[in-house]
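First up is the structure itself, then whatever we jot down about it.
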Amino acid sequence: MTSAIPAKTTTASSSDPGPRLDAGNGKTNGRTRRAPQQYSDRVRAERRLGWMLAGPAFVIMLLVTLYPILQAIYESLFRFRLTAPDEREFIGLGNYGVILSDPVWWSDLGTTVLITVITVAVELVLGFALALVMHKALKSVRGLLRTAILVPYGIITVVSAFAWFYAFDISSGYVNNWFGWLPGIDENLNWFAQGPTALFVIMASEIWKTTPFISLLLLAGLAQVPDELSEAAKVDGATWWEQMRKVIIPNMKAAIMVAVLFRALDAFRIFDNVFIMTNGAYNTEVLSLLAYRQSISRLEIGLGSAVSVLLFLCVLLICFVAIKLFKVDLAGTQGEK
Amino acid sequence: MTNTTTRGKVLWTVVTILVLIYALFPVISILATSFKAPSDLTSGKFLPTSGKATTSNYEQILVGDAQGLFLSALRNSIGISLIATFIAVVLATLCAYAIARLDFPGKKLVLTTALAVSIFPVISIVTPLFNLWRTIGLYDTWLGLIIPYLSLTLPISIWTLAAFFRQIPWELEQAAQVDGATTWQAFRKAIVPLAAPGVFTTAIIAFFIAWNDFVYGISLTSTEAARPVPAALAFFTGASQFEAPTGAISAAAIIVTIPIVLLVLLFQRQIVSGLTSGAVKG
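Chains as they are written, first to last, in the working numbering: chain A, -17 to 319; chain B, 9 to 290.
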């Protein structure tokens, strides 16, 4: 890491910036004064270069997210419909009042939370199983397994949604035909005409598409558990389950937490599958779809912006809870060298 | 050790087959649908009825009446995703180099911002952009999608590349300079070859993400001028209004899936290392 002199001095001086350097200068005699001065020029040059290189990406990230969210907050304070621009009127938090007192918001929130909780729970178990399979697989099939598991990750969510939709659809599907022997399934079952069955297919598609991501994260976590630990447990006579519970899982807690948080945030924003399969009919509407419907379909910019802001606040809340409650150290595990 | 016994082998074969079915079944399912003739779509069978398999769905979207719709969407998707990927990777490379190599205050701020941007709900960005783009004329244009796509591609590119660049032994550069190379030569000969695979992997991952976008695609476009494939699929209509476009959508889905599957097959090792190093540990 250390690239000879400049890097070393900068790491030292970055923790104690300008003022202290000067104070030091005052105490030292004239002969040594030049050296720190020179270093601090270098420090300054390096800092400038750092920001010159990182700056454009940083500014663009702010422009494409911070600016729109500020705009959304501003627009959410108006009664504003694009088809009637002259009637634009400042109503303060009125839009929020309308939304939060509307049962649609709460029902959509419930659906979104339900999808998030179920998909993340299933994906965690399934993803862990797949990770174990990849971890323990014979060398000869390891590559094949990894490639296969990567396929769903690469598939477009919309394509995955159509694949599942057509398989279960009452006219073009074959699922009713295949699983007719199961109680409750017959050729007349229309999966997308009622909430629970539609949600089942929506979640199945979401799980299929995103489990690879979680299982790759968990595989990386598994690889970080020192072999000696499980060996030692084995020598001590621990069963497979005990090894898992006492050695493997505690040692990859960080990876599990990160995977769960990322997937939870992702699932909370679910949109594509629902849009394709039911478009929110039969109580399958999620919050992203509500925001879309308000602003882009109904052109209710004010209400739509307020939904967007509320959705954003929900995501922040999830992050906050995860970091406080589960001590997920996002920046720590990844940020520092 | 148990792996080498016969029982172990049988077990592993079964497990491997199960995983393959899990991963590939939906893809094969839509592939089978794409070869079904319209009259065969309601057969309730997985495969096209023998003798009825047809490529007419592919003809319809590639040379037939849905050609305009599909090919323009394909062109938009390729163009917009490539440009967004290129911009993101160039900016992220500079940024990640600075993070891995230089010392400047605010490093952590840049990484945290990238993290925050990546968890941002896309729909919260779309609503204000929809209005703004209409006002300033970016609605339904390539640029109108490229800019918001950066919110998807930039953060993950920065994280992945920063993780890659941290593993590069930067002392090599010094060593090359000691051996008489100029600063630029040292950088080009010693560092670029080590960094290139990471940059390439990041580009593939960023491209996947841009190619996958749906929310921006349906919200910020309205015509063939800029509508990308995923959005176009959702708004496909059949040959006539009485015919569901199931076959045509399946064929189109297969065509946009092929390049992705090829990329996965060719670069699976790099993709796995890129994804996991960016997301789990630097």
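The beta carbon of each residue, even a glycine, is placed where N, CA and C say it ideally should be.
Being a predicted model, the structure only gives us computed values, none of them experimental.
Selection from the options that minimises the alpha carbon distance to residue i
i, options, result
"B:I212", "B:A96, B:V35, B:C103, B:F33", "B:A96"
"A:V102", "A:P194, A:V291, A:E71", "A:P194"
"A:Y49", "B:T101, B:F112, B:V125, B:T57", "B:V125"
"A:R30", "B:A106, B:V27, B:A242, B:L160", "B:A106"
"A:R24", "B:K197, B:I154, B:P156, B:L110", "B:L110"
"A:N261", "A:D90, A:F72, A:A119, A:P232", "A:D90"
"B:F172", "B:V280, B:Y224, B:F222, B:A81", "B:V280"
"B:V269", "A:M185, A:A27, A:R128, A:P232", "A:R128"
"B:F222", "A:T179, A:I55, A:V256, A:A263", "A:V256"
"B:I164", "B:S132, B:A104, B:P136", "B:A104"
"A:E105", "A:S154, A:L269, A:S270, A:D248", "A:D248"
"B:Y147", "B:D48, B:A45, B:T21, B:E232", "B:E232"
"B:L137", "B:L90, B:S227, B:L82", "B:S227"
"B:L117", "A:G32, A:W88, A:F60", "A:G32"
"B:L79", "B:P156, B:R174, B:A234", "B:A234"
"A:E65", "A:L281, A:V297, A:L295, A:L293", "Just to set this straight, residue 65 of chain A is Thr in the shown sequence, not Glu. Of the listed residues, the one whose Cα sits closest to A:T65 is A:L281."
"A:A322", "A:E213, A:I196, A:N170, A:A220", "The displayed coordinates of chain A run from -17 to 319. Any statement about residue 322 of chain A would go beyond what the structure contains."
"B:L202", "B:L169, B:G72, B:V27, B:L140", "B:L169"
"A:L181", "A:S22, A:V99, A:S58, A:S287", "A:V99"
Bounding residues of the alpha helix (DSSP H) (the contiguous stretch that carries residue i)
i, result
"B:I133", "130 to 144"
"A:E213", "209 to 217"
"A:A175", "Taken as a continuous stretch (DSSP letters only), A:A175 belongs to no alpha helix (DSSP H), as it is neither H nor E."
"A:A263", "Note, A:A263: premise wrong, no alpha helix (DSSP H); not H, not E."
"B:L117", "115 to 127"
"A:L126", "121 to 136"
"A:D90", "85 to 118"
"A:Q225", "Looking at the DSSP string, A:Q225 is not in any alpha helix (DSSP H), and its letter there is neither H nor E."
"A:D248", "235 to 250"
"B:W20", "14 to 42"
"A:Q53", "49 to 57"
CB of residue i within 8 Å of CB of residue j, strictly
i, j, result
"A:V229", "A:L211", "yes"
"B:I166", "B:I199", "no"
"A:Q276", "A:V291", "no"
"B:S42", "B:G255", "yes"
"B:I38", "A:V141", "yes"
"A:A130", "B:A31", "yes"
"B:T229", "B:L153", "yes"
"A:T266", "A:G203", "no"
"A:I300", "A:F253", "no"
"A:F302", "A:M239", "no"
"B:L99", "A:P38", "yes"
"B:P34", "A:A263", "no"
"A:R63", "A:I258", "no"
"B:T24", "A:V107", "no"
"A:L293", "B:I131", "yes"
"B:V300", "B:V237", "Examination of residue 300 of chain B is not possible in this model, given that chain B is present from 9 through 290 alone."
"A:T179", "B:N220", "no"
"B:L241", "B:I257", "yes"
"B:I108", "B:R196", "Per the sequence shown, the amino acid found at residue 108 of chain B is Ala instead of Ile. For B:A108 and B:R196, no; Cβs fall outside 8 Å."
C-beta neighbour in chain E for residue i, strict 8 Å
i, result
"B:V125", "Here the protein chains are A and B, and chain E is not one of them."
Residue i classed as buried or exposed, judged by whether at least 16 other C-beta atoms fall within 10 angstroms
i, result
"A:Q206", "exposed"
"A:G136", "buried"
"A:M(-17)", "Residue confidence is low: A:M(-17) scores 36 on pLDDT, short of 50, so the model does not pin down where it sits. Its coordinate-derived value is still stated next. Exposed is the call here."
"A:L75", "exposed"
"B:Q75", "exposed"
"A:K306", "exposed"
"A:L82", "exposed"
"B:I29", "exposed"
"A:M34", "exposed"
"B:T14", "exposed"
"A:K191", "buried"
"B:I144", "exposed"
"B:N84", "buried"
"A:Y148", "buried"
"B:S159", "buried"
"B:G59", "exposed"
"B:W8", "One cannot answer for residue 8 of chain B here, as it falls past the ends of chain B, which runs 9 to 290."
"A:P134", "buried"
"B:T21", "exposed"
"B:L19", "exposed"
"A:Y56", "exposed"
"A:T221", "exposed"
"A:R245", "buried"
"B:I266", "exposed"
"A:N77", "buried"
Checklist line | contact_flag[the stretch 110 to 121 of chain A, the stretch 92 to 100 of chain A] where n(CB pairs < 8 Å) is 3 or more | finding: no
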